[in-house]
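Visitor:
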Amino acid sequence: MRFDLTDLRLFLHVQETGSITAGARRSNMTLASASERVRGMEDTLGVPLLLRGPRGAEPTPAGRTLAHHARLVLAQMDRMRGDLDQYGQGLKGLVRVQCNTTALSEHLPPVLGEFLQRHPRVSVDLEERPSHEIADALRAGTCDIGVLADSADLGGLRVAVFRHDPLCLIVPSGHALAARGVVALADAADEDFVGLVEGSALQEHIAQHARRDGKSLSYRVRLRGFDAVCRMVGQGVGVAVVPRAAAVRHGRSAGFRRLDLGDDWAARDLVLCVRGDLPAYAEELVAHALRGAPGATRSEAAPASVE
788 MRFDLTDLRL
798 FLHVQETGSI
808 TAGARRSNMT
818 LASASERVRG
828 MEDTLGVPLL
838 LRGPRGAEPT
848 PAGRTLAHHA
858 RLVLAQMDRM
868 RGDLDQYGQG
878 LKGLVRVQCN
888 TTALSEHLPP
898 VLGEFLQRHP
908 RVSVDLEERP
918 SHEIADALRA
928 GTCDIGVLAD
938 SADLGGLRVA
948 VFRHDPLCLI
958 VPSGHALAAR
968 GVVALADAAD
978 EDFVGLVEGS
988 ALQEHIAQHA
998 RRDGKSLSYR
1008 VRLRGFDAVC
1018 RMVGQGVGVA
1028 VVPRAAAVRH
1038 GRSAGFRRLD
1048 LGDDWAARDL
1058 VLCVRGDLPA
1068 YAEELVAHAL
1078 RGAPGATRSE
1088 AAPASVE
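1094 is the number that the working numbering gives the last residue of the sequence shown; the numbers go up by one with no jumps.
1) Can you tell me whether Pro1066 is buried or exposed, with buried defined as 16 or more other CB within 10 angstroms of its CB?
2) Could you tell me how far apart the beta carbons of Ser938 and Ser918 are, in whole angstroms, since I believe they sit closer than 8 Å?
3) Going by other Cβ atoms of all chains shown within 10 Å of its Cβ, with 16 needed for buried, is Arg905 buried or exposed?
4) Along the beta strand (DSSP E) that carries Cys886, what are the first and last residues, could you check?
5) For the beta strand (DSSP E) containing Arg998, name the first residue and the last one.
6) With respect to the alpha helix (DSSP H) encompassing Val1020, which residues constitute its N-terminal and C-terminal limits?
7) In terms of residue numbering, what span does the alpha helix (DSSP H) encompassing His906 cover?
8) Would you check if the distance between the CB atom of Leu954 and the CB atom of Thr888 is smaller than 8 Å?
9) What does the alpha-carbon distance come out to for the pair Ala1041 and Val1016?
10) Would you check if there are 3 or more beta carbon pairs closer than 8 Å linking the stretch 1067-1083 to the stretch 1008-1026?
11) Which partner residues does Gly843 have in the DSSP bridge list?
12) Just the C-alpha distance for His996 and Glu978, rounded to the nearest angstrom, thanks.
13) Buried or exposed: which applies to Val1008, given that a residue is buried once 16 or more other Cβ atoms fall within 10 Å of its Cβ?
14) Less than 8 Å separating the beta-carbons of Leu1004 and Phe980?
15) Run the CB neighbour count on Ala844, radius 10 Å, all protein chains shown included, and call it buried at 16 or more, exposed below.
16) Closest to Gly933 by C-alpha separation, out of Arg1078, Leu1057, Gln1022, Asp791, would be which residue?
17) Round the Cβ separation of Gln885 and Ala924 to the nearest angstrom and send it over; I've been treating them as touching at under 8 Å.
18) Examine the Cβ distances between the stretch 1039-1053 and the stretch 956-975 and report whether three or more of them are shorter than 8 Å.
19) Is it true that the CB of Thr847 sits closer than 8 Å to the CB of Leu832?
20) Please name the residue in Gln990, Gly942, Gln863, Thr793 whose C-alpha comes closest to that of Met816.
21) Under three-state DSSP, which class holds Arg950?
22) Ignore the nearest five residues each way along the sequence and tell me which others in Asp1051's own chain have a CB closer than 7 Å to its CB.
23) For Val898 versus Ala1034, is the C-beta spacing smaller than 8 Å?
24) Let me know the secondary structure DSSP gives Arg1085 once reduced to three states.
25) With distances taken Cα to Cα, identify the nearest neighbour of Leu1010 among Val1028, Val882, Phe1043, Pro907.
26) Does the Cβ of Leu891 have 16 or more other Cβ atoms within 10 Å, making it buried, or fewer, making it exposed?
27) Alpha carbon to alpha carbon, how far is Met864 from Gly1079? Give it in angstroms, no decimals.
28) Between Ala819, Glu985, Val825, which has its C-alpha nearest Leu797's C-alpha?
29) If I follow the unbroken alpha helix (DSSP H) through Phe798, where does it start and stop?
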């Protein structure tokens, strides 16, 4: 059996994207070359690895087994490369990070900016996803580090608190709810809302809890960032659920009132999670991110294990 690392990476890209065409593009290959490599792997093993159809390609049981071992092999190669790079020109590598909406907009940019300045040979592939999908991606080995809400299933992951991240309700200054200090989402469910664009991790999280209360929120406008959401609320367009960090940052200039959400799901932490051992450059990013974590007392803070 002669599979090289290029074959293994290509097969993982095909599995993750759901098509040979997209996998070839991600691997910087032509479709013909990628198809030939996949067929070569199938011929070597004597079994099909993919079920090809009009909607793409799905792995067979043999393909899923190959993908599992390919992740292990490539992860070990990355760890070896990262460990050895320390003895050369400094850390070098790519860290795959997935995070939820709040982490992406409020907390990670300064952390990543400082880290990347200090480590010019390290790159970060950053993707926004809902928290439950991030946890699944970590367990599947399709990302290295996840920053997500602690409400997700964290079983099997190493976990550390990254930032406190409670959600709050913001309303225009003259709104009927403005005099209240604490509200539940149900108290505002019949109001006009301002929110983030459809598909954002936070909006899915809010909508899920509204549905559990038998509510469907009505949005007057959807925007791409918390700064725009806060300005719209300050102008009287509607109300919004945002992270308290965003409300505090924009509150003085936007002219709205911030109310605590009394729902249990709104009192949350952002956690930083990894599945297992990482290459040296990725472990360095973990340690750097946790230096500003609540309760951190030393720079070498590391994720704790969750059984």
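Ideal Cβ placement from N, Cα and C applies to all residues, glycine included. Bear in mind the structure is a predicted one, so any value in this text is a computation, not a measurement.
Guide: With the structure as the only source:
1) Position 279 of the sequence shown, counted from the start, is the residue given in the question as residue 1066. Looking at its Cβ environment, which holds 16 or more other Cβ atoms inside 10 Å, Pro1066 is buried.
2) For the purposes of this step, residue 938 is identified with residue 151 of the sequence shown, where counting begins at 1. For the purposes of this step, residue 918 is identified with residue 131 of the sequence shown, where counting begins at 1. Yes, they are in contact, since the Cβ atoms of Ser938 and Ser918 sit about 7 Å apart, within 8 Å.
3) The residue labelled residue 905 in the question sits at position 118 within the sequence shown. Exposed, because fewer than 16 other Cβ atoms sit within 10 Å of the Cβ of Arg905.
4) By one-based count along the sequence shown, residue 886 stands at place 99. 880-886 is the extent of the beta strand (DSSP E) around Cys886.
5) Start at 1 with the first residue of the sequence shown, and residue 998 comes out as number 211. Note, Arg998: premise wrong, no beta strand (DSSP E); alpha helix (DSSP H) at 988-999.
6) Your numbering for residue 1020 matches position 233 in the sequence shown. It spans 1013-1021 - the alpha helix (DSSP H) in which Val1020 sits, taken as one unbroken run.
7) Your numbering for residue 906 matches position 119 in the sequence shown. Looking at the DSSP string, His906 is not in any alpha helix (DSSP H), and its letter there is neither H nor E.
8) Locating residue 954 in the sequence shown gives position 167, where the first residue counts as 1. Locating residue 888 in the sequence shown gives position 101, where the first residue counts as 1. No, Cβ-Cβ distance for Leu954 and Thr888 is not below 8 Å.
9) Within the sequence shown, numbered from 1, the residue matching residue 1041 stands at position 254. Within the sequence shown, numbered from 1, the residue matching residue 1016 stands at position 229. C-alpha separation (whole angstroms): 10 Å.
10) no
11) One-based indexing of the sequence shown puts residue 843 at position 56. Answer is Gly840, bridged to Gly843.
12) Here the question's residue 996 lines up with position 209 in the sequence shown. Here the question's residue 978 lines up with position 191 in the sequence shown. Cα to Cα, His996 sits roughly 16 Å from Glu978.
13) Here residue 1008 corresponds to residue number 221 of the sequence shown, with the count starting at 1. That one is exposed.
14) Along the sequence shown, read from residue 1 onward, the residue named residue 1004 stands at position 217. Along the sequence shown, read from residue 1 onward, the residue named residue 980 stands at position 193. Yes; because the gap between Cβ atoms is below 8 Å, this pair is in contact.
15) The residue given as residue 844 occupies position 57 in the sequence shown. So Ala844 ends up on the buried side.
16) Residue mapping note: residue 933 aligns to position 146 of the sequence shown, counting from 1. Looking at the Cα atoms, Leu1057 is the closest of the given residues.
17) On the sequence shown, residue 885 is found 98 positions in, with the first residue counted as 1. On the sequence shown, residue 924 is found 137 positions in, with the first residue counted as 1. Gln885 to Ala924, Cβ: 6 Å. Contact.
18) yes
19) Here residue 832 refers to the residue found at position 45 when the sequence shown is read from its first residue. Here residue 847 refers to the residue found at position 60 when the sequence shown is read from its first residue. No; because the gap between Cβ atoms is not below 8 Å, this pair is not in contact.
20) One-based indexing of the sequence shown puts residue 816 at position 29. Among Gln990, Gly942, Gln863, Thr793, the Cα nearest to that of Met816 is on Thr793.
21) Residue 950 sits at position 163 when you count from the first residue of the sequence shown. Arg950: strand per DSSP, three-state reduction.
22) Here residue 1051 is taken as the residue at index 264 of the sequence shown, counted from 1. Taken in chain order, the list of residues that qualify is empty.
23) Walking along the sequence shown from the start, residue 898 turns up at place 111. Walking along the sequence shown from the start, residue 1034 turns up at place 247. No.
24) Counting from one through the sequence shown, the residue named residue 1085 turns up at place 298. Since pLDDT at Arg1085 reaches only 36, below the 50 mark, its modelled position is unreliable, and no value is offered.
25) Taking the sequence shown and counting its residues from 1, the one referred to as residue 1010 is at position 223. Selected option, being the one with the closest Cα: Val1028.
26) To locate residue 891, count along the sequence shown from 1; it is residue 104. Buried, since its Cβ has 16 or more Cβ neighbours within 10 Å.
27) Position 292 of the sequence shown holds residue 1079. Position 77 of the sequence shown holds residue 864. Using only the alpha carbons, I get a separation of about 30 Å.
28) Working through the sequence shown from its first residue, we reach residue 797 at position 10. Nearest C-alpha to Leu797: Val825.
29) Here residue 798 refers to the residue found at position 11 when the sequence shown is read from its first residue. Residues 792-804.
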